[in-house]
Amino acid sequence: AQSVSQHNHHVILSEAASLELGCNYSYGGTVNLFWYVQYPGQHLQLLLKYFSGDPLVKGIKGFEAEFIKSKFSFNLRKPSVQWSDTAEYFCAVNAQNTGFQKLVFGTGTRLLVSP
Amino acid sequence: EAGVAQSPRYKIIEKRQSVAFWCNPISGHATLYWYQQILGQGPKLLIQFQNNGVVDDSQLPKDRFSAERLKGVDSTLKIQPAKLEDSAVYLCASSLDWTGEDGYTFGSGTRLTVV
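Sequence order for the protein chains is A and B.
FYI, the numbering for the first sequence is 504 to 618, going by this note's numbering.
FYI, the numbering for the second sequence is 1480 to 1594, going by this note's numbering.
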């Protein structure tokens, strides 16, 4: 069964700092990869997703992620964070060719951006 | 388009009581998911429906949890009897089909507190 690891549980940054959140998954086959964001008091929203093609994926709000198949990684990046990026970020994976896919989440990374 | 609707938003019950949550997915979405998100953890899939059939309930505590999607549209998740450890946010999500390639849309969730 697939699993997802997010190494940083809490990250604190100052505005304008660069962000990189790690995500590794375990599954040997073809996967679809997602990053979701949950702002305080709001529902999960899709930041970006990777299905195929260019491994560098650009999402909303200036976020991007790079799929490195050899490292089973899908790290999220943003060159310059803003206070409004304070939220919890979840990496998720669903595996292809395993019957009915299900979306498996990591434990999340709570980001606090100080003004 | 309208999002995934869930009700109630909040519920407080005593242990051993029963509770039910309701979800109305996006119109036309064949696949519906119920997730449990315990504080500090990522969402965990409880059950997945394809139309009105269950395709994955491997992580549903079936001695106390039940769910149905009788007409292949809205769904109800029930807990009976509730335990303290059931305190969590219960998220409903839907996708166009079982591949999830068109994305998953999440509702705002129901926050359950068991006292």
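All C-beta atoms, glycine included, are put in the ideal place defined by N, C-alpha and C.
Specify the secondary structure class of residue i as computed by DSSP and reduced to three states.
{"i": "residue 617 of chain A", "result": "strand"}
{"i": "residue 587 of chain A", "result": "helix"}
{"i": "residue 1576 of chain B", "result": "coil"}
{"i": "residue 573 of chain A", "result": "helix"}
{"i": "residue 481 of chain A", "result": "Outside the displayed range of chain A (504 to 618) lies residue 481 of chain A, so it cannot be described from this structure."}
{"i": "residue 1493 of chain B", "result": "coil"}
{"i": "residue 1511 of chain B", "result": "strand"}
{"i": "residue 579 of chain A", "result": "strand"}
Is the CB of residue i under 9 Å away from at least one CB in chain A?
{"i": "residue 1523 of chain B", "result": "yes"}
{"i": "residue 1551 of chain B", "result": "no"}
{"i": "residue 1589 of chain B", "result": "no"}
{"i": "residue 1559 of chain B", "result": "no"}
{"i": "residue 1578 of chain B", "result": "yes"}
{"i": "residue 1546 of chain B", "result": "no"}
{"i": "residue 1583 of chain B", "result": "yes"}
{"i": "residue 1572 of chain B", "result": "yes"}
{"i": "residue 1535 of chain B", "result": "yes"}
For residue i and residue j, I'd like the C-alpha separation in whole angstroms.
{"i": "residue 1519 of chain B", "j": "residue 581 of chain A", "result": "23 Å"}
{"i": "residue 599 of chain A", "j": "residue 609 of chain A", "result": "18 Å"}
{"i": "residue 1536 of chain B", "j": "residue 584 of chain A", "result": "39 Å"}
{"i": "residue 513 of chain A", "j": "residue 616 of chain A", "result": "11 Å"}
{"i": "residue 591 of chain A", "j": "residue 504 of chain A", "result": "25 Å"}
{"i": "residue 534 of chain A", "j": "residue 1566 of chain B", "result": "31 Å"}
{"i": "residue 1576 of chain B", "j": "residue 1529 of chain B", "result": "8 Å"}
{"i": "residue 1499 of chain B", "j": "residue 548 of chain A", "result": "25 Å"}
{"i": "residue 527 of chain A", "j": "residue 1589 of chain B", "result": "29 Å"}
{"i": "residue 1524 of chain B", "j": "residue 1493 of chain B", "result": "24 Å"}
{"i": "residue 1506 of chain B", "j": "residue 1484 of chain B", "result": "11 Å"}
{"i": "residue 456 of chain A", "j": "residue 553 of chain A", "result": "Since the first residue shown for chain A is 504 and the last is 618, residue 456 of chain A is missing from the structure and cannot be characterised."}
{"i": "residue 544 of chain A", "j": "residue 586 of chain A", "result": "16 Å"}
{"i": "residue 1534 of chain B", "j": "residue 606 of chain A", "result": "13 Å"}
From the beta carbon of residue i, is the nearest beta carbon of chain B less than 9 Å away?
{"i": "residue 537 of chain A", "result": "yes"}
{"i": "residue 510 of chain A", "result": "no"}
{"i": "residue 608 of chain A", "result": "yes"}
{"i": "residue 507 of chain A", "result": "yes"}
{"i": "residue 605 of chain A", "result": "yes"}
{"i": "residue 619 of chain A", "result": "It is not possible to answer for residue 619 of chain A, since the shown part of chain A is limited to 504 through 618."}
{"i": "residue 611 of chain A", "result": "yes"}
Should residue i be counted as a contact of the ligand ATP given a C-beta to heavy atom distance under 8 Å?
{"i": "residue 1522 of chain B", "result": "Among the ligands in the structure shown, none appear at all, so the ligand ATP cannot be discussed."}
Name, in chain order, the residues that DSSP records as bridge partners for residue i.
{"i": "residue 518 of chain A", "result": "Per DSSP, none; premise fails for residue 518 of chain A."}
{"i": "residue 1488 of chain B", "result": "The partner list for residue 1488 of chain B (beta bridge, DSSP) is empty, contrary to what the question assumes."}
{"i": "residue 513 of chain A", "result": "A:613"}
Just the chain D side, please: which residues come within less than 8 Å of residue i by C-beta, in chain order?
{"i": "residue 1586 of chain B", "result": "Among the protein chains of the structure shown, namely A and B, there is no chain D."}
Inset, instruction - Report the residues of the segment 1487-1521 of chain B with a CB closer than 9 Å to any CB of chain A, ordered along the chain. - result: 1510, 1512, 1514, 1516, 1519, 1520, 1521
Legend entry - Short-range partners of chain B found in the segment 571-599 of chain A, where Cβ spacing is below 7 Å: 593, 597
Legend entry - Interface positions of the segment 547-559 of chain A facing chain B (Cβ-Cβ less than 9 Å), listed along the chain: 547, 548, 549, 552, 554
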